[in-house]
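One structure below.
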Amino acid sequence: MTLLLETLKPYLLPLIRVLVVFLGISLIVAYLVYAERKILAHLQVRLGPMRVGPHGLLQPIADGLKLLLKEDIMPAGADKGVFLLAPVISVIAAFTAFSLIPFAPNFYITDVNVGLLFLIGISSLGILGIILGGWASNSHYPLLGALRSTAQLVSYEVALGFALVSALLLAGTLSMVAIVEAQQRQGVWFVFLQPVAFFILFVAAIAETNRNPFDLPEAESELVAGFHTEYSGFRFSLYFLAEYAAMILVSSIAVTLFLGGWLRPFARVRALDFLDFTPVAVLVLAAAWCFRECFRYPATREWRWQRLLLLGLGVGALGISAGLLLPARFLPGGGEGLPAFPALTAIQGVFWFMSKVFLFLFGFIWFRGTFPRYRFDQLMSLGWHFMIPVAIANVIFCSLAIVLSRQMGWGLPATLWLGTAATLLVAALLRREKA
Amino acid sequence: MMFAQGSFYVLAAVAVVSALLVITRRNPVHSAIYLIVTLLSVALLYLQLQAEFIAAVQIILYIGGIMVLFLFVIMLVKLDVALRQPPFNQQWWVAGAAALVLAVELVGVIYLGRGTAALPQAPPGSLQPNTELIGRTLYQNYMLPFEIASLLLLVAMVGAVLMARRKAS
Amino acid sequence: MAQPQDISTTVLGADEIILNMGPQHPATHGVLRVKLKLDGEKVIGSECIIGYLHRGVEKIGENRSYPQFAPYVDRTDYVAAVSNGLGYCEAVERLLGVEAPPRARWVRTILTELQRIASHLLWLGTHALDIGAITPVFYTFREREEILKIFEKYCGARLTTHAFRIGGLQYETYDGFEEDVKKFCRDFEEKVDEYGELLTENRIWVERTRNVGILTAQDAIDLGVTGPVLRGSGVRWDIRKAFPYAAYAQFEFDIPIGERGDTYDRYLVRMEEMRQARRIILQAVDSIPEGPILARVGKVIKPPPGEVYHSIEAPKGELGYYIVSDGTIQPYRLRIRPPSFINLEAFDKMVRGHLVADVVAIIGTLDIVLGEVDR
Amino acid sequence: MPENYVPILIFAGLAFLIPVATLWVAKLVRPDPRDVGYRLKPYECGIPPEGDARGRFGVRFYVIAILFVVFDVETIFLFPWAVEYDVLGLFGLIEMLVFLAILIIGYIWLYMKGALDWV
Chain A
27 MTLLLETLKP YLLPLIRVLV VFLGISLIVA YLVYAERKIL AHLQVRLGPM
77 RVGPHGLLQP IADGLKLLLK EDIMPAGADK GVFLLAPVIS VIAAFTAFSL
127 IPFAPNFYIT DVNVGLLFLI GISSLGILGI ILGGWASNSH YPLLGALRST
177 AQLVSYEVAL GFALVSALLL AGTLSMVAIV EAQQRQGVWF VFLQPVAFFI
227 LFVAAIAETN RNPFDLPEAE SELVAGFHTE YSGFRFSLYF LAEYAAMILV
277 SSIAVTLFLG GWLRPFARVR ALDFLDFTPV AVLVLAAAWC FRECFRYPAT
327 REWRWQRLLL LGLGVGALGI SAGLLLPARF LPGGGEGLPA FPALTAIQGV
377 FWFMSKVFLF LFGFIWFRGT FPRYRFDQLM SLGWHFMIPV AIANVIFCSL
427 AIVLSRQMGW GLPATLWLGT AATLLVAALL RREKA
Chain B
22 MMFAQGSFYV LAAVAVVSAL LVITRRNPVH SAIYLIVTLL SVALLYLQLQ
72 AEFIAAVQII LYIGGIMVLF LFVIMLVKLD VALRQPPFNQ QWWVAGAAAL
122 VLAVELVGVI YLGRGTAALP QAPPGSLQPN TELIGRTLYQ NYMLPFEIAS
172 LLLLVAMVGA VLMARRKAS
Chain C
5 MAQPQDISTT VLGADEIILN MGPQHPATHG VLRVKLKLDG EKVIGSECII
55 GYLHRGVEKI GENRSYPQFA PYVDRTDYVA AVSNGLGYCE AVERLLGVEA
105 PPRARWVRTI LTELQRIASH LLWLGTHALD IGAITPVFYT FREREEILKI
155 FEKYCGARLT THAFRIGGLQ YETYDGFEED VKKFCRDFEE KVDEYGELLT
205 ENRIWVERTR NVGILTAQDA IDLGVTGPVL RGSGVRWDIR KAFPYAAYAQ
255 FEFDIPIGER GDTYDRYLVR MEEMRQARRI ILQAVDSIPE GPILARVGKV
305 IKPPPGEVYH SIEAPKGELG YYIVSDGTIQ PYRLRIRPPS FINLEAFDKM
355 VRGHLVADVV AIIGTLDIVL GEVDR
Chain D
1056 MPENYVPILI FAGLAFLIPV ATLWVAKLVR PDPRDVGYRL KPYECGIPPE
1106 GDARGRFGVR FYVIAILFVV FDVETIFLFP WAVEYDVLGL FGLIEMLVFL
1156 AILIIGYIWL YMKGALDWV
């Protein structure tokens, strides 16, 4: 027995991490759908889900249950095996990639030398899910949607690849952890050195996740629902899960590469160290909101569960924030060698990482509420005629800038901004060429 | 060690079996799916040999790129028509002869070279940062092949476009 | 630069695909069915299949007395019921040889222009939705709601209003009608600019609508299209100016026209029409004359034998009623000239050579209502 | 198998559990699809489709896919260079510029030919 425990011991911690990340991502995916509905609703002067739980907080669960209960329809003439397989591929690809994301300096599932390449590889497997699903459905709309989707994904993947190369020039490594550490060491997030690459990555990320204004594959006004038109019930929601997981994934990649990953804003400025307490402040604010809403609901029987849930959430948030503020000296052993607030320090990385990811996700949702949709040829033209040349130009100018800074002894930011200016010039020329 | 060997045999078996399925399935899309499985297990084999970069490239290029191209091409042909045709019409004996020659050649090479070139062991222990190694080798020792590769890509680009056009006219 | 046709004439692909859109399609505005012949994604031919909503309204009209038929016309273009009612009532009035009293004509003008705004708001919201902008529809419905509230207060109904009667109005305006209308106009001014901010300068919107579905002035005239579609092609034709009816002769307003006849021009024309409608309403509501609201038409409406064709400028174009009377209480023959039906004729011309995605933009820009197309 | 990669496989296994578990649960609770009449026939907007759904689509997709593979190979070549940029220095940069120049010529040719235009 002890032997078994001894052999398992090195695997225990990673296993716990795997489970935490896995469940965390699943939860965030579920609530991302809720957040999208809520945010879109408020952009559109309406309320969004309000009935299931206070402010519709339990809506994701209700949605999941509803989808579980839906009839599972496979159109006649569909290729059965492929039809069943396709959404599974999409889900696996989208979720597996999270094993390479460093959420915090001490909290990631694994870190490999070619982390970024593996990420691209795994997430590119998701394309197969889409194309096979559309083909297997035996229907015009899904096939057209799948072909469009694949053409779109591969086109923007090229631009994405070049944007990543620009960031790698600065980082000098493919390991995701080391990329963040490089930003820590250089004391600047790469977005400030490589704004064009960041922009390209951002646009490509929207296109890669089929989000508005690039949501043509599932443009409901043209292709009904694109490649998953014929999917129903939970099979449909697998695609849905994969899409939202992919959204979180691309945001995580962008945050890791360009926004300093787990680093706090101004991590080096000691005067801003009070920012370390932001998680506590956020939790206290959330608790305050819960209590206020709780007392705004009428104190009648039918609202009792809602009120109790809000109360519980508020108390829970307060409890967690109290736990975060637990000083080290109250710990057994007096907390020798620990930081002043061990729990708070422990969650710093994850907190800042996820905050930046949520910022991205909010952007995705905001765009969806704002922009009309591109037409397919316009989308392809934007990709091939604009994004790719600009991305290539950016790689060239930035590598030149780095050499220049080394040969002439100029500061790196200055030369890189020079490079960026040159890239922007190319971009302006390309735009004019088109017009 | 046991684990490593066991996983090698599993992966190798998966690769071989799905490769066989690739050529026996009649539906080209099913063949493509089995080909993906083969490529994936080969990628894992690379990984076992500590060739991380090659493994990643295998996944990105072969599965994420070339297989997508294959699926596109399959979707461009009339499947039901293709299915009705006998798969290896007329040319099966040419293919058979070619396969036989290749097999004899392979066995011969292994047999003749058994003393001269010992199969190298996979590097043990910690991983080399092999992207960096490849970078250095490729850009310092193999400069010319690298530049020629770009010419090759250029030819592929031109070829693709010209082919599409020639058939059009 | 390039000669795109070099390569894009396709080979391997290039089976012609027949794609069916509708009747159950989110972007065909009801039960329109379009059969598209596609080369890749390019439309090389189209066929509109209509009739899924056919109820034989015209035939029903021949079996109802004149006042009985009035509510039926609300159900043709059901998003512009007030305009339909105006056209029908005025046609019968012409047949009878009476004219509605001034107060009635003023109120009719106000309500019809409100209806024009409501109809255009619905068009704007759904058109934007078709092109992928999901938010404007909620904003436009917010303003449309205010108009429907005024209708509800005036006649008790919101959608199929049956607001007018032959010879004038059934109801006197309610207390505070003027204030409600003025308040709406006040609020609406900045709202319509807000939509403009969302779309007019939006790069994606412009790219999606510019040079899409071009209809030249000559084609538009040849095909007989009317309304904003015709004006978008640069033809300054508006029945409110050409043959003024109701009280339009009294008010000042401009007729916006487009230059290129593409979807973007039609968008601009309709946006400007909403502003002009607001202008008309403000003039009218300040000068509503006192007096009776119903002309003397008698209890039983029995027009003398004869025929009449009367048309008005409905939100979607020329809405005409052709009525033949044989001197009985029922029309001998009744025919409606619905603008949507005629405008839909231009669809094939506009859609050829464009992509599937443009099809929905073009259906949207035609602003058809299937209740009216099929009758 | 290098140890760092084992967690990825474990994670992939867990990810595989999502569809398996959910679809299994769904199978238990959902109603059975009933194949009544034309119910499972594919349709387009309420109308039976005309022609084969798996018909042939434009060759444009095929060209795009090939170009994608070409450009993808190109980016893969760039990755080791970018990572070792500090070591390779000016020489590596010139090498890469030659490499890119050849491909940019190709790109410009494509642009001029209109091969990148969709319609």
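Just so you know, the protein sequences line up as chains A, B, C and D, in that order. Here this note's numbering is used: the first residue of the first sequence is 27, the next is one more, and so on. Here this note's numbering is used: the first residue of the second sequence is 22, the next is one more, and so on. Here this note's numbering is used: the first residue of the third sequence is 5, the next is one more, and so on. Here this note's numbering is used: the first residue of the fourth sequence is 1056, the next is one more, and so on. Positions of the beta carbon are idealized from the N, C-alpha and C atoms, including for glycine.
Check whether residue i and residue j have beta carbons under 9 angstroms apart
i, j, result
"residue 99 (chain A)", "residue 258 (chain A)", "yes"
"residue 157 (chain B)", "residue 1143 (chain D)", "yes"
"residue 86 (chain C)", "residue 363 (chain C)", "no"
"residue 32 (chain B)", "residue 1135 (chain D)", "no"
"residue 71 (chain C)", "residue 299 (chain C)", "no"
"residue 376 (chain C)", "residue 134 (chain C)", "no"
"residue 158 (chain C)", "residue 181 (chain C)", "yes"
"residue 138 (chain A)", "residue 449 (chain A)", "no"
"residue 232 (chain A)", "residue 393 (chain A)", "yes"
"residue 155 (chain C)", "residue 126 (chain C)", "no"
"residue 1129 (chain D)", "residue 171 (chain B)", "yes"
"residue 252 (chain A)", "residue 167 (chain A)", "yes"
"residue 90 (chain C)", "residue 308 (chain C)", "no"
Supposed close pair residue i, residue j - CB separation, criterion 8 angstroms
i, j, result
"residue 1068 (chain D)", "residue 178 (chain B)", "Wrong, their Cβ atoms sit about 40 angstroms apart, outside the cutoff."
"residue 452 (chain A)", "residue 192 (chain A)", "Not a contact, Cβ separation roughly 14 angstroms."
"residue 323 (chain C)", "residue 347 (chain C)", "Not confirmed; about 11 angstroms, so no contact."
"residue 228 (chain C)", "residue 349 (chain C)", "7 angstroms"
"residue 1063 (chain D)", "residue 122 (chain A)", "7 angstroms"
"residue 278 (chain A)", "residue 127 (chain A)", "5 angstroms"
"residue 39 (chain C)", "residue 22 (chain C)", "6 angstroms"
"residue 235 (chain A)", "residue 276 (chain A)", "6 angstroms"
"residue 118 (chain A)", "residue 40 (chain A)", "The Cβ separation is near 19 angstroms, so there is no contact."
"residue 124 (chain C)", "residue 319 (chain C)", "6 angstroms"
DSSP beta-bridge partners of residue i
i, result
"residue 40 (chain C)", "C:23 and C:50"
"residue 311 (chain C)", "C:328"
"residue 105 (chain C)", "Residue 105 (chain C) pairs with nothing; no bridge assigned."
"residue 169 (chain C)", "C:172"
"residue 2 (chain C)", "The requested residue 2 (chain C) is not part of the displayed model; chain C covers only 5 to 379."
"residue 340 (chain C)", "C:325"
"residue 335 (chain C)", "C:329"
"residue 130 (chain A)", "A:133"
"residue 298 (chain C)", "C:172"
"residue 359 (chain C)", "C:46"
Option in the options with minimal Cα separation from residue i
i, options, result
"residue 317 (chain C)", "C:161, C:36 and C:231", "C:231"
"residue 101 (chain C)", "C:366, C:349, C:367 and C:305", "C:305"
"residue 277 (chain C)", "C:290, C:244 and C:130", "C:244"
"residue 1165 (chain D)", "D:1146, D:1119, D:1076 and D:1098", "D:1119"
"residue 115 (chain C)", "C:175, C:63 and C:246", "C:175"
"residue 94 (chain C)", "C:53, C:160 and C:313", "C:313"
"residue 177 (chain C)", "C:209, C:92, C:252 and C:289", "C:289"
"residue 212 (chain C)", "A:300, A:240 and A:235", "A:240"
"residue 137 (chain C)", "A:211, A:271, A:70 and A:97", "A:70"
"residue 69 (chain C)", "C:267, C:113, C:335 and C:293", "C:335"
Proximity test, Cβ basis, 9 angstroms: residue i and chain E
i, result
"residue 132 (chain A)", "Among the protein chains of the structure shown, namely A, B, C and D, there is no chain E."
- Please determine if the region 300–315 of chain A and the region 332–352 of chain A are in contact, where contact requires at least 3 C-beta pairs separated by less than 8 angstroms. Yes, since at least three Cβ pairs between the region 300–315 of chain A and the region 332–352 of chain A fall closer than 8 angstroms, the two stretches touch.
query: Touch check for the region 276–290 of chain A and the region 201–215 of chain A: three-plus C-beta pairs under 8 angstroms?
result: yes
Can we say the region 189–207 of chain C touches the region 249–261 of chain C, given the rule of at least three CB pairs closer than 8 angstroms?
No, the region 189–207 of chain C does not touch the region 249–261 of chain C.
Inset, instruction - Say whether the region 105–117 of chain A touches the region 157–168 of chain A, bearing in mind that this needs 3 or more beta-carbon pairs closer than 8 angstroms, one atom from each stretch. - result: yes
Note to self: Within 8 angstroms, do at least three Cβ pairs link the region 72–87 of chain A to the region 41–61 of chain A?
What the structure shows: yes
Original post:
Can you find at least 3 beta carbon pairs, one from the region 328–338 of chain A and one from the region 80–93 of chain A, that sit closer than 8 angstroms?
Top reply: yes
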